[in-house]
Amino acid sequence: MIRPRGPAVGASSKATPQTLCQKCLKRGHFSYECKSAAQDRPYVSRPSRTQQLADPKLVPKLASDIPNDLLRKYVGQLRDGWAMLIAAQEGCCRRTARQER
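Residue numbers for the sequence shown follow the working numbering, beginning at 4 and rising by one.
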């Protein structure tokens, strides 16, 4: 059965006021909807990778969406979960090795 193609469920093709255009760096529209002329677009220079390696201060700071306390809590739970999983596997393997003797 052929189903008609339409917009993805939950996907919005309408730009929000927080949407940032990558061409003109203004908010409210997508880059493919940008009406500004090439002369009006700001030129934003970025340091090259060689310059970033030579001077670590030029490396851009990444924005983190996860607060540090939540990240520490999650990593701690993940570490504990892996430890329990490894212990369970080793205990299981040891039992099977003992049972084989």
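C-beta: ideal position from N, C-alpha, C; glycine also.
Start and end residues, alpha helix (DSSP H) containing residue i
| i | result |
| --- | --- |
| A57 | 52-57 |
Straight-line gap, residue i to residue j (C-alpha atoms, nearest Å)
| i | j | result |
| --- | --- | --- |
| T22 | R44 | 17 Å |
| A57 | R49 | 14 Å |
| V62 | V47 | 15 Å |
| K64 | A90 | 38 Å |
Closest by C-alpha distance to residue i, when choosing among the options
| i | options | result |
| --- | --- | --- |
| F33 | C24, A41, A90, Q54 | C24 |
| A40 | E93, S51, L28, R49 | L28 |
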